[in-house]
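As you go down the protein sequences, you meet chains F and C in turn.
Throughout the first sequence, residue numbering follows the numbering used here, covering -5 to 476 in sequence.
Throughout the second sequence, residue numbering follows the numbering used here, covering 168 to 398 in sequence.
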Amino acid sequence: MNFIKRAYWSVTVRKGKSIILLVVLAVISVFVLTGLTIQTAAEESSILARQELGGDVTLTVDRQSLVENGVTERRKQAMFQTIPIDIEDAESLIDSEHVEGFNFYSATSAMTNDFTAIGAEEREESTIEDGQDQGSIMPGRMGNGSNADLDVQGVLYSDAATSFINGQSEIVEGEHLTADDAGKKVTMVEGNLASENGWSIGDEISVTSEETEESVTLEIKGIYSTSEEVPPQAERILSMNPYNSIYVPIEVANQLKGEEGIIDQAIYYINDPLNIDAFIEEAKSESTIDFDTFILNANDQLYQQMMGPIENVSSFSNKIVLLVTIAGSIILGLIVMMTIRERKYEMGVLLAIGEKRIKLVGQFIVEILIVAVLAMGLSLITGNYVADAVGNQLLEQELTATEESDEPQSFAKRRGMMGGMEAGGNIQNQDVQTIEEISIGVTAANIILMVGIGLLCIIVSTLVPVLSILRMNPKTILTNQD
Amino acid sequence: MSELLSLQQVSYWYKQGSKQQFILKNVDITFERSTFYTIVGPSGSGKTTFLALISALDIPGSGKILYEGTDLSKIGLTRFRNQYVSIVFQSYNLLPYMTAIQNVITGMEITGVKHQNKKQYAFDLLKRVGITKEQAHQKVLTLSGGQQQRVSIARAISTPANLIVADEPTGNLDEETAKSIITLLQKLAHEEGKCVIVVTHDQSIASNSDVKITLTKEKMVKERLKEVIVK
């Protein structure tokens, strides 16, 4: 063990050189630890975001493909009509291990029977003021081809509808519709419509199908309120007024449509956005769905948008680790090489008095290790602060860059108009929040990895110059020195 | 007296273009225990090369060097230097970042000297060569040339090696110290049974040795001056 003692003597005597080495090693350690810590934090944030957000896949009609590739009849159907999805086909995908939840949608419209839709009286008054023939327009009816008073949303779970997911709507009384309500004649109505007509939970309302003119009586199971904007068109088309939107089970919507066993859209909530592709592949290979007509649209936009900046930070920190490791090894190697060349004579002396070559290598490695332990200790103290500051600074820069590269402001207006008009419970229109801060902390795994990288750098950068000298015989070394 | 080291047909040369420039040619010589040898000869006669070969710092171009009948290459050069030979270098070859005592202890540790109190033993050896306790704690570079030479000798005699090889060990010493060092080396030969080989330019030291070897270009003359009485 005498080589360890010699290493200690050498480090303590050569204070200047040891300090230079300490500074270099500390800088390398801090950078490596910072990079590793940011990477870990980014990975953890990514996992958290994934767990929190999930992702969804929508089964819907592939209109674009039908319009472009379909035969004439199919093309016309795709352009002007709804092509329903067989509910059995949609159900065939829910057993996948990747599916965490699902919802089916079947939208239609209906007319009021024994109550007044919001805006019906105003429209009637304005029609009278305009001098139109009262007889040609029934209360609540439109002259533009659509007579619907109510927008009817057939759902399996009402709480997963877009308006509820994005927080524009919330239940204020009663209960949401669930899969247990399948086949039941129940509904969930908006609070303004309920108060206008003096309804409460348990009351019954009657609506009439536009298609079959069949009347259906529905029991009110829930009352919700919405903050959705009332579009200007709602003045003439009552069903476009969000207050006139009612939620019913899929079967009720189908009954009003005069159909059975169909839906317009199915949404599958995937347990991890990373499994979206696997789910789609599985669906394509195992289900009987006609993928010439229908398409599974992946929606991990929210996840991607959230993760974009953080992934860039992670990628950058990865590069930092790689660069610092390579550059650090080179710098360290040069310093060690210079030091060892200066100490060629010492090696010759030690070899001449019988020291083994392996112990000489050991001495140099131990010398650097002594300094490295101090350097790594310093990096542990400072690494957390540096990683936190650098990580969040990088993230901030990425966020700024992302904001700058967003769509032009003028596009926002279009987005605003389109938002809320989508029928399904697609979460794509949800307000997207990017991760603006990551929780950065040095972990044991980071430290172990840093020590591993450090040891590798030290061993490589010591072995190369030492071995080049040790292959000489002591007489040559001493003679050259003389 | 038993034979310790023998050189058989040992040659050493440098290559100068296609020619071989011989430093030693077909040397046959034997060294015995308990004998104090001196090697003399003009500069360039191959004295230092000869010492390098018998202390396993270099290998011969041809021929064999046997230690107690075993070829050095079989013993292993590093092991031979570690266990069987102690070297006093002309340029001291001390470790500059260490104190005098640390140099001696390092020599002992490398060669695996087992001593209950190594530090005290090292102090005793340094005292024996004329180094005070205060000087023993000084960094070697702060000592004079003569003092460094003495530390180098103390390091060499701290190991149990039977062969001690010294290149001009008194070159930097005053007459009195030189005399005491030579007396010490003679004692190691005669009282502890070691084989001591000293390269010197000093004819008085050579004439006081048991065997004087004169090295001239490609020729070696061995001359027994004294009959060795082992104490």
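Glycine included, each C-beta is placed from N, C-alpha and C at the ideal position.
With a 10 Å radius around its C-beta and 16 neighbouring C-beta atoms as the bar for buried, classify residue i as buried or exposed.
{"i": "Glu340 (chain F)", "result": "buried"}
{"i": "Asp238 (chain C)", "result": "exposed"}
{"i": "Thr278 (chain C)", "result": "buried"}
{"i": "Gly356 (chain F)", "result": "buried"}
{"i": "Lys192 (chain C)", "result": "buried"}
{"i": "Asn270 (chain C)", "result": "buried"}
{"i": "Tyr259 (chain C)", "result": "buried"}
{"i": "Ala176 (chain F)", "result": "exposed"}
{"i": "Ile264 (chain F)", "result": "buried"}
{"i": "Asp382 (chain F)", "result": "buried"}
{"i": "Ile314 (chain F)", "result": "buried"}
{"i": "Ser323 (chain F)", "result": "buried"}
{"i": "Gly208 (chain C)", "result": "buried"}
{"i": "Lys186 (chain C)", "result": "exposed"}
{"i": "Ile352 (chain F)", "result": "exposed"}
{"i": "Leu450 (chain F)", "result": "exposed"}
{"i": "Thr456 (chain F)", "result": "buried"}
{"i": "Leu461 (chain F)", "result": "exposed"}
{"i": "Tyr237 (chain F)", "result": "buried"}
Checking contacts by CB at 8 Å: is residue i closer than that to chain C?
{"i": "Asn378 (chain F)", "result": "no"}
{"i": "Ile477 (chain F)", "result": "There is simply no residue 477 (chain F) to check, as chain F begins at -5 and stops at 476 in what is shown."}
{"i": "Glu340 (chain F)", "result": "yes"}
{"i": "Asn440 (chain F)", "result": "no"}
{"i": "Lys11 (chain F)", "result": "no"}
{"i": "Ile14 (chain F)", "result": "no"}
{"i": "Leu363 (chain F)", "result": "no"}
{"i": "Arg8 (chain F)", "result": "yes"}
{"i": "Ser4 (chain F)", "result": "yes"}
{"i": "Ser472 (chain F)", "result": "Note on residue identity: the sequence assigns Leu, not Ser, to residue 472 (chain F). Closer than 8 Å: yes."}
{"i": "Val343 (chain F)", "result": "yes"}
{"i": "Arg0 (chain F)", "result": "yes"}
{"i": "Asn386 (chain F)", "result": "no"}
Just to confirm, is the Cβ distance from residue i to residue j under 8 Å?
{"i": "Tyr234 (chain C)", "j": "Ile242 (chain C)", "result": "yes"}
{"i": "Val252 (chain C)", "j": "Val332 (chain C)", "result": "yes"}
{"i": "Leu174 (chain C)", "j": "Ile254 (chain C)", "result": "no"}
{"i": "Glu229 (chain F)", "j": "Gly385 (chain F)", "result": "no"}
{"i": "Glu213 (chain F)", "j": "Glu190 (chain F)", "result": "no"}
{"i": "Thr245 (chain C)", "j": "Val280 (chain C)", "result": "no"}
{"i": "Thr181 (chain F)", "j": "Asn440 (chain F)", "result": "no"}
{"i": "Tyr218 (chain F)", "j": "Glu169 (chain F)", "result": "no"}
{"i": "Val24 (chain F)", "j": "Asn293 (chain F)", "result": "no"}
{"i": "Asp80 (chain F)", "j": "Ile289 (chain F)", "result": "no"}
{"i": "Gln477 (chain F)", "j": "Ala101 (chain F)", "result": "Here chain F covers residues -5 to 476 and nothing more, so residue 477 (chain F) does not appear."}
{"i": "Ile298 (chain C)", "j": "Gln314 (chain C)", "result": "yes"}
{"i": "Val318 (chain C)", "j": "Ala356 (chain C)", "result": "no"}
{"i": "Thr211 (chain F)", "j": "Ser200 (chain F)", "result": "yes"}
{"i": "Leu224 (chain C)", "j": "Pro459 (chain F)", "result": "no"}
Mind checking who residue i pairs with in its DSSP beta bridge?
{"i": "Arg391 (chain C)", "result": "C:Val378"}
{"i": "Asn293 (chain F)", "result": "F:Asp50"}
{"i": "Ser239 (chain F)", "result": "F:Asp145"}
{"i": "Asp80 (chain F)", "result": "F:Ile256"}
Does any C-beta atom of chain F lie closer than 8 Å to the C-beta of residue i?
{"i": "Arg248 (chain C)", "result": "yes"}
{"i": "Gln183 (chain C)", "result": "no"}
{"i": "Tyr234 (chain C)", "result": "no"}
{"i": "Gly274 (chain C)", "result": "yes"}
{"i": "Thr237 (chain C)", "result": "no"}
{"i": "Asn260 (chain C)", "result": "yes"}
{"i": "Ile190 (chain C)", "result": "no"}
{"i": "Thr278 (chain C)", "result": "yes"}
{"i": "Arg287 (chain C)", "result": "Correcting the residue type first, residue 287 (chain C) is Gln in the shown sequence and not Arg. No - not a single Cβ of chain F is within 8 Å of the one on Gln287 (chain C)."}
{"i": "Asp334 (chain C)", "result": "no"}
{"i": "Gln314 (chain C)", "result": "no"}
{"i": "Ile206 (chain C)", "result": "no"}
{"i": "Thr245 (chain C)", "result": "yes"}
{"i": "Thr267 (chain C)", "result": "Note that residue 267 (chain C) is Ala in the sequence shown, not Thr. Ala267 (chain C) does not count as touching chain F."}
{"i": "Asp225 (chain C)", "result": "yes"}
My assumption, with CB atoms under 8 Å, is that residue i sits in contact with residue j. Please give the rounded CB distance.
{"i": "Gly446 (chain F)", "j": "Pro267 (chain F)", "result": "With a Cβ gap of about 31 Å, Gly446 (chain F) and Pro267 (chain F) do not count as contacting."}
{"i": "Leu42 (chain F)", "j": "Ile362 (chain F)", "result": "Going by Cβ atoms, the distance from Leu42 (chain F) to Ile362 (chain F) rounds to 39 Å, so no, they are not a contact pair."}
{"i": "Glu335 (chain C)", "j": "Val366 (chain C)", "result": "6 Å"}
{"i": "Gly230 (chain C)", "j": "Gln188 (chain C)", "result": "Gly230 (chain C) to Gln188 (chain C), Cβ: 17 Å. No contact."}
{"i": "Thr205 (chain C)", "j": "Ala345 (chain C)", "result": "That belief does not hold up - the Cβ atoms of Thr205 (chain C) and Ala345 (chain C) are roughly 13 Å apart, past 8 Å."}
{"i": "Ser233 (chain F)", "j": "Asp145 (chain F)", "result": "4 Å"}
Is residue i near the ligand FAD, with its Cβ less than 7 Å from a heavy atom?
{"i": "Phe285 (chain F)", "result": "The model depicted lacks the ligand FAD and carries no ligand whatsoever."}
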